[in-house]
Amino acid sequence: MKVAKQDSGKGCLFLLAGISLCCLGICIGMWLDCPYIKNLGIMMGGFVGSFVGSNYINVKKKKTPAWQWVVFFILILIITALLTVFLESNGRK
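Every position in the sequence shown, counted from 1, becomes a number in the working numbering once 322 is added.
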């Protein structure tokens with residue numbers, strides 16, 4: 323695995339910052355009793371991990387275009403909203 327030290331270090335810092343922001347989002351969502359923010363924090367952890375893995379730690383150095391990351395982010399927002407509605411409905415009609 324040939325990864326430049328500078329890219330790997332920058333990716334590690336980006337990953338730590340992203341995961342800490344996700345934890346902050348989860349805490350704020352729990353404090354405000356807002357399940358959407360809590361679920362968004364959980365889903366964004368996976369997004370940050372895949373972003374860092376693709377751009378900084380990938381062996382093939384084939385980067386995903388920026389427009390695809392925007393589409394992924396919008397899809398995560400939509401999926402999180404649907405997941406929150408599904409989980410919080412509790413069988414209400």
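Heads up, the beta-carbon is just placed ideally off N, CA and C, and yes, glycines get one too.
Under three-state DSSP, which class holds L343?
Position 21 of the sequence shown, counting from 1, holds the residue named residue 343. If DSSP states are grouped into helix, strand and coil, L343 belongs with the helices.
Check Y378 in the structure and name its three-state DSSP category.
Here residue 378 refers to the residue found at position 56 when the sequence shown is read from its first residue. Coil, per DSSP.
Specify the secondary structure class of K332 as computed by DSSP and reduced to three states.
In the sequence shown, the residue the question calls residue 332 occupies position 10. It is helical.
Cβ atoms of F336 and S372: under 9 Å apart, would you say?
Along the sequence shown, read from residue 1 onward, the residue named residue 372 stands at position 50. Along the sequence shown, read from residue 1 onward, the residue named residue 336 stands at position 14. It is not a contact, given that the beta carbons lie outside the stated cut-off.
Using C-beta distances below 6 Å, list every residue in its chain close to I398, excluding the 5 sequence neighbours before and after it, in chain order.
The residue labelled residue 398 in the question sits at position 76 within the sequence shown. A distance below 6 Å between beta-carbons, with the five flanking residues on each side excluded, links I398 to the following residues of its chain, in chain order: M365, F369.
Can you say whether K382 is buried or exposed, counting buried as having 16 or more other CB atoms within 10 angstroms of its CB?
Here residue 382 refers to the residue found at position 60 when the sequence shown is read from its first residue. It is exposed - the Cβ of K382 has fewer than 16 other Cβ atoms within 10 Å.
Between the Cα of G331 and those of G363, Y358, I379, I359, spot the shortest distance and give me the residue it belongs to.
Within the sequence shown, the letter at position 9 stands for residue 331. Cα-wise, what sits closest to G331 is I379.
C-alpha distance - K409 paired with G363, whole-angstrom precision:
Residue mapping note: residue 409 aligns to position 87 of the sequence shown, counting from 1. Residue mapping note: residue 363 aligns to position 41 of the sequence shown, counting from 1. First, the residue type needs correcting, since residue 409 is Leu and not Lys in the sequence shown. Taking the straight line from one Cα to the other gives about 15 Å.
Using the Cβ count rule (16 or more neighbours within 10 Å means buried), how would you classify I359?
In the sequence shown, the residue the question calls residue 359 occupies position 37. The residue is buried, with at least 16 neighbouring Cβ atoms inside 10 Å.
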